[in-house]
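Trainee:
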Amino acid sequence: MEIGDGTLAVGAGRPPAEKYAPTLPGPAFTAHYHLPGEPVGPYTYGRDANPTWTLLESAIGELEGGAEVSVFSSGMAAIAAVLLSQVRAGDAVVLPSDCYQTTRALKERLESYGAEVRMGPTARDAQLDLLDGARLIWLETPSNPNLDVCDIARIAEAAHAGGTLVAVDNTLATPLGQRPLDLGADFSVASDTKAMTGHGDLLLGHVATRDPELAESVRWWRKTVGAIPGPMEAWLAHRSLATLQLRLDRQSANALALAEALRARPEVSGLRHPALPDDPSHDLASRQMKRFGCIVSFTLPDEAFAERFLGALTLVTQATSFGGVHSSAERRGRWGGDAVEPGFVRFSVGVEDAADLVADVLRALDAARA
Ligand SMILES: *Cc1c(COP(=O)(O)O)cnc(C)c1O
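Set out below in structure tokens:
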């Protein structure tokens, strides 16, 4: 029987019932294990495997619709694991030109190892034009921070016809928002620092795949570079997954409420959220996504206006990152590196009451005008 997402999230990765054992064992703080004789078996050394990761990895594997998962110390550790374990000198790799900027920063590293890097935008599946003979294509959909969407199934079909591997950065959506592996991708990768764990209290990443050889090569990469999460982070992440469906449903509903309130405001331009019926991403997002995520992006008249707006918010933290239970926002242009206007705001909607949040935002817009 197909179970609902709430049931799936709350039970994912819970060990079988054993009398007097905790229902979710606490973090296993250990560097080594009792290991007499031949050094074989599931737990030999703390950089190779840890029982707390094992439970979290099986939980994420269930959420991904069945997959082998490796957890990493951060989203970037997971992204680098896929790119650097699969791409070799002489290979071509296709990256989005508008994806998370630290992923784009790996271009130089890949080139220094002798790979060719081709870049094209997410919108209108433009990366398809760059596929010819590539070893791997990297997708990020919806893209961060501009919220363009590409057709994972269409690109995966074209890529596989030419022997190209497909990896999707699924950070914004999470596996309850969209399942890249079901859409044909070879790798579903995420920064679990964001919506997946949702409390802004840890960094974590994961790589999921249904191909045992690819899974093994990613695990081997982790072992050799040592990009491993601590057991405390892994345990906190697992605990947080229980509320994933609750958080995402609330955050998605709040994000739509905020987007609808913003569209009536004359000082707001370039409003994007995939759930808005007239958003350029809406039709495709409706076909491949189940939940549209927590980000609303928009542009205010200029940098000073945007800074006054952010400073006037009372319920919203000024912070980078997104996906948390507390709403946060930032002027994305302050970092440089993204193709955005100086007044561009990336707003991450939390689980506050929608009416309170909308009222705070509209009041802050009024304050910024004055
Ligand atoms: C934050 C983010 C990352 C990097 O994740 P870290 O956990 O910060 O290393 C990668 N991709 C996207 C889309 C992100 O938002």
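So the sequence shown is residues 1 to 370, counted in the UniProt record's numbering. Beta carbons are placed, not taken as given, at the ideal position from N, Cα and C, and that holds for glycine.
Would you report the Cα separation of Arg135 and Arg179, rounded to the nearest angstrom?
Mentor: 22 Å
Trainee: Would you say the stretch 267 to 285 touches the stretch 89 to 100, given that touching needs at least three Cβ pairs under 8 Å?
Mentor: no
Trainee: Is it right to say Lys194 is buried, meaning 16 or more other beta carbons lie within 10 angstroms of its own, or is it exposed?
Mentor: Answer is buried; the Cβ neighbour count reaches 16.
Trainee: In chain order, what residues of the same chain have a beta carbon less than 8 Å from the beta carbon of Gln101, not counting five sequence neighbours either side?
Mentor: Trp335, Gly337 and Asp338
Trainee: What does the alpha-carbon distance come out to for the pair Glu157 and Gly184?
Mentor: 7 Å
Trainee: Whole angstroms are fine: how far does the CA of Asp186 sit from the CA of Asp98?
Mentor: Straight-line Cα distance between these residues: approximately 21 Å.
Trainee: Run through DSSP, which three-state label would Met76 get?
Mentor: helix
Trainee: I want to check one thing, is the minimum distance from the CB of Thr141 to the heavy atoms of ligand 1 below 7 Å?
Mentor: no
Trainee: Go to Met119, then tell me how far its beta strand (DSSP E) extends in each direction, as first and last residue.
Mentor: Here the beta strand (DSSP E) through Met119 covers Glu116 to Gly120.
Trainee: For the stretch 24 to 110, which segments carrying the beta strand (DSSP E) assignment without a break, of at least 3 residues, lie completely within its bounds, in sequence order?
Mentor: 68 to 72 and 92 to 96
Trainee: Less than 8 Å separating the beta-carbons of Leu271 and Ala259?
Mentor: Closer than 8 Å, so yes.
Trainee: Less than 7 Å between the CB of Gly75 and some heavy atom of ligand 1, yes or no?
Mentor: yes
Trainee: Could you pull out every residue in the same chain whose Cβ sits closer than 6 Å to the Cβ of Glu140, ignoring the five residues on either side in sequence?
Mentor: Pro96, Cys99 and Asp169
Trainee: Measuring straight from C-alpha to C-alpha, what distance separates Thr174 and Ala368?
Mentor: 34 Å
Trainee: So the candidates are Lys223, Thr171, Met232 and Gly198; which of them puts its Cα closest to the Cα of His206?
Mentor: Thr171
Trainee: Taking the beta carbon of Leu35 as the centre, do at least 16 other beta carbons fall within 10 Å, making it buried, or is it exposed?
Mentor: exposed
Trainee: Taking Asp283 as the reference, which of Leu131, Ala370, Ala123 and Met76 has the closest Cα?
Mentor: It is Ala123.
Trainee: Going by CA-CA distance only, name the one from Leu256, Gly230 and Ala208 that's closest to Ile60.
Mentor: Ala208
Trainee: Just tell me which of Val345, Asp353, Ala355 and Leu365 has its CA closest to the CA of Asn146.
Mentor: Per the Cα distances, Val345.
Trainee: Would you mind working out which of Ala78, Val268 and Pro51 sits nearest Ala190, comparing C-alpha positions?
Mentor: Ala78
Trainee: Go ahead and pull the three-state DSSP assignment for Ala190.
Mentor: strand
Trainee: Ends of the alpha helix (DSSP H) at Ser286?
Mentor: From DSSP, the alpha helix (DSSP H) with Ser286 extends over His282 to Gln288.
Trainee: If His32 sits next to Gly46, beta carbons under 8 Å apart, how far is it from one beta carbon to the other, in whole angstroms?
Mentor: 6 Å
Trainee: Quick one: grab the DSSP three-state call for Asp356.
Mentor: helix
Trainee: Identify which residue in Ser327, Ser297, Lys107 and Arg363 has its Cα closest to the Cα of Asp148.
Mentor: Ser297
Trainee: For residue 400, write down the residues that DSSP places opposite it in a beta bridge.
Mentor: For the chain, the structure presents residues 1 to 370; residue 400 sits outside this window and is missing.
Trainee: Whose CA, out of Asp129, Met76 and Leu128, lies closest to the CA of Ala105?
Mentor: Met76
Trainee: With a threshold of 16 other CB atoms inside 10 Å of the CB of Met196, please say whether the residue is buried or exposed.
Mentor: That one is buried.
Trainee: Considering only residues of the same chain and omitting the five flanking positions on each side of Trp221, which have a CB-CB separation below 6 Å?
Mentor: Ala81 and Ser85
Trainee: Taking the Cβ atom as the reference point for each residue, do Leu236 and Leu176 lie within a distance shorter than 8 Å?
Mentor: no
Trainee: Let me know if Gly311 comes out buried or exposed under the rule of 16 or more other beta-carbons within 10 Å of its beta-carbon.
Mentor: The residue in question, Gly311, is exposed, as its Cβ has fewer than 16 Cβ neighbours within 10 Å.
Trainee: Within 10 angstroms of its Cβ, does Asp125 collect 16 or more other Cβ (buried), or is it exposed?
Mentor: buried
Trainee: Which whole-angstrom value is the C-beta distance of Ala234 and Leu56, which I expect to be below 8 Å?
Mentor: That belief holds up - the Cβ atoms of Ala234 and Leu56 are roughly 5 Å apart, short of 8 Å.
Trainee: Thinking just about the alpha-carbon of each residue, which of Ala257, Lys290, Val268 and Leu204 is nearest to the one in Asp182?
Mentor: The residue with the shortest Cα to Cα distance from Asp182 is Lys290.
Trainee: Cα separation between Val351 and Val325?
Mentor: Approximately 5 Å, taken between the alpha carbons.
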